[in-house]
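So for the sequence shown, my numbering puts the first residue at 154; every next one is plus one. To start, the structure itself, in structure tokens.
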Amino acid sequence: MALEQLSDVVQRCQANKDESFSPEDYDLFLTAGRTCIEQGDSAQVLSILVDEKNKNVVRCMGWNLLGPLVQMLLKKEEKNLPHCHAILSHLLEVCNPKELLVGLLEQVEEADSASIAETLTLLLKPLQTVLLRLGMKKASSVGMALSTLLSQVARLPVPVTKEQEEDDVFGLCCCCTALLQFVKPFVEEIKEKKDNNRISKDNELRVELLKFCMKSLSEPLLEVQLKDPDTLQKSPLRDFATEILVILSNIGESLPDLLSRNVLKKREVPGFLEEEVRYPKESLACMCHLLFVNHVAVDIFPAVLSPVFVLQCNMEYIELLLSRTEVSRLLKGLELYEKSLVRVEDNSLLVDLLELKTFFSVPLNLVKVMTLCPDQTLRTKGLKVFQLSIDKFNTEAKYKFFRGMLKTSHHAGVEGYVIKNIKNQIDFSLKPSNGNDWFLGKHLLPLLRLVLCLPHGPETDLLQNLDRIMESLNLLRYMLIRDKEWENETGIWTELYKIEDNYLKPMRTGLNMSKAHYEAELKSMKENKKSSSKDSKASACTVTVDNEKLPNMTPEMQIQVLQSALFTFDLIESVLARIEEIIEAKEKPLS
């Protein structure tokens with residue numbers, strides 16, 4: 154029945170020489186053709202379509218059969234495959250390329266998540282054929298096709314393990330490989346013009362290929378953690394990343410220029426695209442990670458740039474990556490920062506670099522990773538990179554960096570770590586031939602005033618500020634022992650009376666108040682527990698300490714918390730008492 158309807162509508166339309174077919178003719182052609190294909194009559198449909206007498210009808214209406222044809226090809230039923238492929242090839246040859254493009258992209262867009270990879274690999278070659286038929290007017294159509302294809306590729310999960318990439322469980326690898334083949338003739342066209350100096354930066358096809366590369370860098374490559382060649386010798390995703398950078402080079406984009414564009418502030422790029430749209434920072438961040446961490450396409454990147462310049466260029470991209478919350482971004486930011494720093498000589502970064510915004514914003518973002526990131530591995534790596542960054546500054550830069558971090562980090566653990574580094578610098582400076590103007594004498598004292606202070610005087614929360622307090626006390630004790638009063642290289646002995654009044658005495662007062670408060674709470678808890686011991690079950694209750702309620706816990710748990718706090722106060726007191734003994738011995742008159 155459907156086959157007869159298809160034959161009838163085609164014969165009726167043959168008589169219409171001006172090709173002004175009615176909507177009813179289109180509907181009937183589509184309905185009958187779809188039914189025939191779905192029922193397995195593709196051989197008969199093919200014979201109708203290739204009949205020379207029906208050429209005009211097929212040219213106008215044939216593209217409507219793309220939908221049912223693609224669905225049948227995806228089913229891969231062997232008896233229908235040869236005829237369906239033949240129908241598709243014939244339609245690609247005779248139908249209007251613009252209508253074919255719309256029809257093929259509709260099939261790409263309508264693919265559900267389970268069939269994205271199969272649909273793309275099936276339709277990329279037909280799409281390429283259609284676009285090449287458009288000749289010199291294909292640029293915008295190429296751009297539309299690439300945008301649609303990448304939007305679908307971005308929906309595919311990214312393989313995490315080596316096995317997932319090897320088995321291509323999500324289909325991403327085969328899609329990326331097929332995309333490279335798809336763009337190949339368009340890239341070769343631009344490369345040939347570039348090699349012959351017959352292309353401008355605003356060539357439309359070149360711009361569309363640039364957009365394709367930039368979008369590929371942000372999705373999927375920014376999500377991908379490439380495997381080392383030793384781990385995975387044949388990696389489709391590494392090959393895809395390499396080819397994207399090669400394409401950039403082939404279409405006239407210099408990788409060194411892309412790296413340094415934010416540092417050199419090239420704002421004179423002509424064309425209809427704004428610079429930030431043409432070169433998204435996130436895409437450039439991925440490019441830098443590929444170059445300096447994964448060592449992708451290093452053969453087309455010159456190794457003549459100084460490590461300090463590369464670090465300076467990368468800082469803006471590192472800042473962007475570390476400001477995100479996704480694990481993949483944070484890891485890439487840490488890796489890029491580490492690799493950029495490793496190439497720099499220790500103690501070589503000048504203080505002038507701290508005038509650049511990124512050299513302070515990146516460490517502050519690093520602090521957030523170290524203190525707030527739920528991933529323990531990233532927190533540990535963040536601390537390692539933080540120390541590496543400190544090691545690269547020269548003495549003056551270290552001094553100003555420490556001062557800035559003490560003022561802006563607002564985290565006791567980080568401040569404690571900075572104070573530990575200050576102690577290391579003072580220790581180094583006190584050794585023979587290592588003296589300097591920054592960690593001895595007049596410059597050191599203002600830094601020490603930032604270190605040896607209680608934010609809220611005697612009422613400072615000693616537990617919350619424990620890391621900072623312990624490192625500060627240990628630093629002070631070390632200096633009083635190491636720097637003899639008659640030498641006074643650090644100036645600590647000149648400043649000691651101020652330290653006593655502004656730091657040690659408020660510390661002693663705060664410590665006594667805190668111990669008394671917690672001891673009273675502990676005594677009360679024990680008495681309450683004793684009085685309620687008649688109950689067989691331990692009841693949950695709350696305790697208020699320093700105006701803050703502890704969470705619901707059993708009395709035994711709350712007693713343990715209070716005892717732990719008192720033990721902490723004893724630790725603080727032990728160091729404080731040793732410092733007081735040193736000062737007392739100094740002030741004691743000789744007998």
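Using N, Cα and C, we set each Cβ at its ideal position, and we do this for glycine too. Source: prediction; values computed, not measured.
In the three-state reduction of the DSSP assignment, residue 303 falls in the helix class. Exclusion of the five residues before and after residue 611 leaves 659, 662, 663 as the residues of its chain whose Cβ lies within less than 6 Å of its Cβ. Per DSSP, residue 462 is one residue of the alpha helix (DSSP H) stretching across 460-475.
In the DSSP annotation of this structure, residue 478 is not part of any alpha helix (DSSP H), being labelled neither H nor E. Straight through space, the alpha carbons of residue 435 and residue 715 are spaced by roughly 49 Å. Annotation note: the region 327-379 contains no uninterrupted beta strand (DSSP E) run of length 3 or greater. Cβ-Cβ distances below 8 Å link residue 382 to 388, 391 in the same chain, with the five nearest sequence neighbours on each side left out; the list follows chain order. The beta carbon of residue 187 is closer than 6 Å to those of 221 in its chain, skipping five residues each way along the sequence. Cβ-Cβ distances below 8 Å link residue 615 to 622, 663, 664, 667, 721, 722, 725 in the same chain, with the five nearest sequence neighbours on each side left out; the list follows chain order. Taking residue 475 as the centre and dropping the five residues before and after it, the same chain places the C-beta of 483, 486, 515, 518, 519, 522 closer than 7 Å to its C-beta, in chain order. In this structure, the beta-carbon distance from residue 335 to residue 295 does not fall below 7 Å. Under a 10 Å Cβ-count criterion, residue 591 is classified as buried, with 16 or more other Cβ atoms of the shown protein chains found around its own Cβ. When only Cα atoms are considered, residue 230 and residue 169 end up about 36 Å apart. According to the DSSP assignment, residue 432 belongs to no alpha helix (DSSP H), since it is labelled neither H nor E. Non-local C-beta neighbours of residue 548 in its own chain, meaning closer than 6 Å and more than five positions away in sequence, comprise 589, 591, ordered along the chain. Pairing residue 347 with residue 405, the inter-Cα distance amounts to about 7 Å. Across the structure, residue 737 and residue 473 are spaced so that their CA atoms are roughly 52 Å apart.
Between residue 467 and residue 441, the gap from beta carbon to beta carbon is short of 7 Å. Cβ-Cβ separation between residue 302 and residue 261: approximately 6 Å, consistent with a contact (criterion under 8 Å). For residue 200, the enclosing alpha helix (DSSP H) begins and ends at 195-203. With distances taken between CA atoms, residue 349 lies nearest to 403 out of 493, 525, 617, 403. CA-CA distance, residue 185 to residue 195, rounds to 12 Å. Residue 321 and residue 481 have their C-alpha atoms some 20 Å from each other. The region 534-543 makes no contact with the region 559-566, as fewer than three CB pairs between them are under 8 Å. Taken in chain order, the complete alpha helix (DSSP H) segments of 4 or more residues contained in the region 644-682 are 645-652.
Ranked by Cα distance from residue 653, the first of 619, 729, 244 is 729. Residue 445 is not bridged by DSSP to any residue. Given a length threshold of 4 residues, each whole run of the alpha helix (DSSP H) inside the region 492-533 is given here in chain order: 511-525.
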